[in-house]
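**Student:** Before anything else, here's the structure in question.
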Amino acid sequence: MPSSTRPRASALLLVLALLIGLAGLALVVAGGWLIALGGSWYYLLAGLGLVATALLLPRGGGRGLMVYALVVAFTLAWALWEVGLAWWPMAARGDLFFLLGLLLLTPWVARALARRDGAGIVASRRALSLVLAAFAVAAVLSWVRGDERLEGIAPQADPPFTGEALPPAGADWTAYGGTAMGQRYSTLGQITPVNVSQLQEAWHYRTGDVRGQPGDPEETTFEVTPLKVGERLFLCTPHQSVVALNATTGQELWRHTPKIAPSLALQHLTCRGLSYQPPPATAPSPNLSADGACAAKLFMPTADGRVLALDPESGKPCARFGGGSGQIDLWKNMPNVKPGSYYSTSPVVVTRSLIVVGGTVLDNVSTQETSGVIRAFDIETGALVWNWDSGRPEDTAPIGPGRTYSVNSPNSWSISSVDEKLGMVYVPMGNQPPDQWGGKRTEGAERYASSVVALDLATGRVRWHFQTVHHDLWDYDVPAQPSLVDLRVGSVRVPALVQPTKQGELFVLDRRTGQPVVPVREQAAPQGAAQGDRTAATQPVSGLSFDPPALRPADMWGATVFDQLACRIAFHRLRYEGRFTPPSTQGSLIYPGNFGVFNWGGVAVDPQRQIAFATPASLAFVSTLVPRADDSTLYVQGGKPPEGSLPALNENFGAPFAVKLHPFTSALGLPCQAPPWGHVAAADLRSGQILWKHKNGTVRDSSPLPLPFAMGVPSLGGPILTGGGVAFLSGTLDYYLRAYDVNSGKELWRSRLPAGGQATPMTYEGGDGRQYVVVAAGGHGSLGTRTGDHVIAYALPKR
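The working numbering puts the first residue of the sequence shown at 620, with every later residue one more than the last.
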């Protein structure tokens, strides 16, 4: 070696030794902490090996390299024992060791070491090379082996039933879920697995409405699924504008922007969709008469607690509705009025004679919120017909003057479904605030919270209810629209209801009675609630479930061995006894978290194949109860109240505990659990069998570097199915609209979106005879996806 390069090589060796030694000391200290918590001995032993390596390397010769080779071999053996040939978990355990090993094999290090015991250098370099080669082989095998996909084939379509409650969507898309049945299924079959790759953008509309305006809450989101009626497309924007477009060209036809009250106490600002009342067969023309009556109507819920009725032809108010105003006030007879703390984020239910309205109530702000009452109004006049208040469930006659509904009762913030032939509306219910402490819940809350409730359309009385979680302490409110489908069970036709839940169940119930079609069992649940509270002894589990397996220490993950170790320490410090671990002052690991295996996007149901297309997610959250000494101090807001009138979320004023809620992530912001975190799947609704399941989506738009690693990411926004055997989904955390083969789950096509697509797509036939697929791409505030104001339509090329 020339004399000029010898000092540089020695300096490099000293720097490497120092870095290895510091890494080893970190592993020794943190590994010892982990052992004290009852965790793995690997990190301590590996750390000692790195310290020994660091001490031996500056002395020259091959002993330092040989010790390091033993550390790498030990790491490989441990990784294979813990996770097998699973690439991402294995990479987190060995990536730094592998890269550092390559650096130690460079000629510069070899020259610095060779000043003593040159023969030993050759042997130790060979040993390290062999170990690194073994690591590389294991990595390649993990790539070839791939992820743990469940492969299968969905059944072919059965002969159609006759006399279904409502037909699936076809040329039009007249309700949020396609029809009032909430199937998110269209019979259109022009787009098939063979030609879907030819889809191209047909038109692109910009609403001009983006988040970031004064008073916007963090969850200002563009979640709309448009309606298509005749030649028109109808949609709403986050700041409450209603827009009509030409369905074939995307040209704006009219826009109605209501004046919204200022200074609203909003937790969410969104509009998931509108509702449409068709005209009678003998409807006059024009639709809006001189006296303000509308034969057909659009209904729009507003952020300040109203429901507007608009003329679909012009966007003008239907003045006859609401006694001349074209609107009804949802704050009427409500307790604890605070504008913005109650409104309908989801479209209302439309029947021949009624609209049925629920609404969102602030979560985890106080124990004195307004009511979660469900109300039915006359579709022509807006007069109150009945009200179902879980605090007084038998008293459904219209409330009298001077009275108010029950304070702080469970609400329904999601989308309901209706079967007019059976005379029932099916309402997914939330919790009585606060979500994570239920020591003072009312009898009505205990009975109806986190349930799907079937209400009689004529009277509002409960026909049946099915509780999906008993004494819910996890914010496992029922988040999604029930999907109604007629199932062929043997030779019998069963009118069924499919209810997705945050905890991953798909409850398949007879919608006449609420009795399970797919078996449901009660499973013992962890005990030991916070002071003053209790836990239910058992919880219901469906025979059709996407509940992810319980987390283990080996499931902890990170970009490197260090943040993985930190996640292991955090895992052992938290209380975790599997699903339904009660929240605690220690901090409890809640898995799946309140993001949900399923959320408001729900599932899509194919009534012919008798299957559900699902998008299960699996993210863990941490729930920590914070004791309150009074009803005014801010315990979880950092001592600083929110700006303006925005609510102090998670303070739980009036309860003994505030709550800290956050995803279970490392200091780098990565999930502490190993991927995948999101899938697409299909399930047989009769047998409960999961037919196929594949990880879905990339981290391109949610990682520091825009690398399109196919790790499987969650989605927020539902899928749709079509008669052509193609499913569509846009809600993944990467910005794509994707198409899938319903038979196998194979991704067939994708198109890059300009912003987050956290909405449910829809499909229809345009005036030119082509099948269109439309998606809103506007991002989601709390997910941090890119904001936008895009509505994009895709179609096959014109012939």
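Virtual Cβ for every residue (Gly too), placed ideally from N, Cα, C. Everything numeric in this text was worked out from a predicted model, so none of it was measured.
If you follow the beta strand (DSSP E) that Ile993 is in, where does it begin and where does it stop?
**Tutor:** Taken as a continuous stretch (DSSP letters only), the beta strand (DSSP E) holding Ile993 covers Ile993 to Asp997.
**Student:** Where Ser990 and Arg1022 are concerned, what is the direct C-alpha to C-alpha distance, given to the nearest angstrom?
**Tutor:** Each residue's Cα considered, the two are about 12 Å apart.
**Student:** Quick one: what does DSSP say Ala1144 is sitting in, helix, strand or coil?
**Tutor:** In this structure, Ala1144 counts as coil in the three-state DSSP scheme.
**Student:** Does the distance from the C-beta atom of Gly1336 to that of Gly1162 stay below 7 Å?
**Tutor:** It is not a contact, given that the beta carbons lie outside the stated cut-off.
**Student:** Quick check for students: name the residue ranges of the beta strand (DSSP E) that lie wholly in the region 783–850, counting only runs of 3 or more.
**Tutor:** Qualifying beta strand (DSSP E) stretches, in chain order: 819–825 and 846–848.
**Student:** So, with DSSP's three-state summary, where would you put Tyr895?
**Tutor:** If DSSP states are grouped into helix, strand and coil, Tyr895 belongs with the strands.
**Student:** Just the Cα atoms here: how many angstroms apart are Val1046 and His1084?
**Tutor:** The straight-line gap from Cα to Cα measures roughly 9 Å.
**Student:** Using C-beta distances below 8 Å, list every residue in its chain close to His823, excluding the 5 sequence neighbours before and after it, in chain order.
**Tutor:** Around His823: Gly869, His1409, Val1410, Ile1411 and Ala1412.
**Student:** Ala1277 bridges to which residues according to DSSP?
**Tutor:** DSSP, once it has assigned bridges, lists Val1245 as partnering Ala1277.
**Student:** Suppose you measure from the CA of Lys878 to the CA of Leu1348; what does that come to, to the nearest Å?
**Tutor:** Cα to Cα, Lys878 sits roughly 33 Å from Leu1348.
**Student:** Within the region 1081–1140, note down every full beta strand (DSSP E) run reaching 3 residues or more, in order along the chain.
**Tutor:** Runs found: 1081–1086, 1102–1108, 1111–1119 and 1125–1129.
**Student:** Please report the distance separating the alpha-carbon of Thr1404 from that of Gly1350.
**Tutor:** Thr1404 and Gly1350: Cα-Cα distance of roughly 10 Å.
**Student:** Round the Cβ separation of Leu807 and Gly796 to the nearest angstrom and send it over; I've been treating them as touching at under 8 Å.
**Tutor:** Wrong, their Cβ atoms sit about 15 Å apart, outside the cutoff.
**Student:** Give the range of the alpha helix (DSSP H) segment to which Arg730 is assigned.
**Tutor:** Taken as a continuous stretch (DSSP letters only), the alpha helix (DSSP H) holding Arg730 covers Pro726 to Leu732.
**Student:** Is the region 859–874 close to the region 1367–1381, with three or more CB pairs under 8 Å?
**Tutor:** Touching, no.
**Student:** Whose CA, out of Asn865, Pro903, Ala922 and Met685, lies closest to the CA of Pro836?
**Tutor:** It is Ala922.
**Student:** Over the uninterrupted alpha helix (DSSP H) stretch that includes Arg1192, give me the two end residues.
**Tutor:** Arg1192 -> alpha helix (DSSP H) spans Val1180 to Arg1192.
**Student:** Could you tell me the distance, in whole angstroms, from the CA atom of His1089 to the CA atom of Ser1164?
**Tutor:** Rounded to the nearest angstrom, the two C-alpha atoms are 17 Å apart.
**Student:** Using the rule of at least 16 other Cβ atoms within 10 Å of the residue's Cβ for burial, across every protein chain shown, is Leu684 buried or exposed?
**Tutor:** So Leu684 ends up on the buried side.
**Student:** At a cut-off of 6 Å, would you count Val1361 as near the ligand MN, judging by its Cβ distance to the nearest heavy atom?
**Tutor:** For the structure depicted, the ligand MN is absent and the ligand set is empty, with no information on it obtainable.
**Student:** Would you decide whether Leu1287 is buried or exposed? Buried here means 16 or more other CB atoms lie within 10 Å of its CB.
**Tutor:** Classification of Leu1287: exposed, given that the 10 Å Cβ count is below 16.
**Student:** Hey, would you say Ala746 sits closer than 7 Å to Ala673, going by beta carbons?
**Tutor:** Contact flag unset, no.
**Student:** Determine, using beta-carbon pairs with one atom in the region 687–704 and one in the region 739–756, whether at least three such pairs fall under 8 Å.
**Tutor:** With the cut-off at 8 Å, the region 687–704 and the region 739–756 touch.
**Student:** For the structure I just gave you, are there three or more beta carbon pairs, one from the region 966–981 and one from the region 994–1010, closer than 8 Å?
**Tutor:** Result yes; three or more Cβ-Cβ pairs closer than 8 Å.
**Student:** Anyone know if the C-beta pair for Ala799 and Val1037 falls short of 7 Å?
**Tutor:** Yes.
**Student:** With a threshold of 6 Å on Cβ separation, who are the neighbours of Thr1204 within its own chain once the five nearest residues in sequence on each side are excluded?
**Tutor:** Here the set comprises Leu1244.
**Student:** Give the DSSP-derived three-state secondary structure of Pro774 in the structure shown.
**Tutor:** Pro774 falls in the coil class under three-state DSSP.
**Student:** Cα separation between His887 and Thr964?
**Tutor:** When rounded, the distance between both Cα atoms is 8 Å.
**Student:** What's the C-alpha gap between Ala1233 and Gly1316?
**Tutor:** Distance between the alpha carbons of Ala1233 and Gly1316: 14 Å.
**Student:** Using a Cβ distance threshold of 8 Å, determine whether the region 715–733 contacts the region 1187–1199, with at least three qualifying pairs required.
**Tutor:** Result no; under three Cβ-Cβ pairs closer than 8 Å.
**Student:** By Cβ distance below 7 Å, which residues in the same chain neighbour Gly1042 in space, the five residues on each side in sequence not counted?
**Tutor:** Taken in chain order, the residues that qualify are Asp1075, Leu1076 and Ala1077.
**Student:** Go ahead and pull the three-state DSSP assignment for Ser1370.
**Tutor:** Here Ser1370 sits in strand by DSSP.
**Student:** Assuming Ala692 is part of the alpha helix (DSSP H), what are its boundary residues?
**Tutor:** Run containing Ala692: Arg682 to Val702, per the alpha helix (DSSP H) assignment.
**Student:** Does Arg768 come out as helix, strand or coil in the three-state DSSP assignment?
**Tutor:** Of the three classes helix, strand and coil, the one that applies to Arg768 here is coil, per DSSP.
**Student:** Do Val980 and Ser1035 count as a contact pair if the criterion is CB distance below 7 Å?
**Tutor:** Result no, Cβ atoms of Ser1035 and Val980 do not sit closer than 7 Å.
**Student:** Counting pairs of Cβ atoms below 8 Å between the region 1128–1137 and the region 1246–1255, do you hit three or more?
**Tutor:** No contact exists between the region 1128–1137 and the region 1246–1255.
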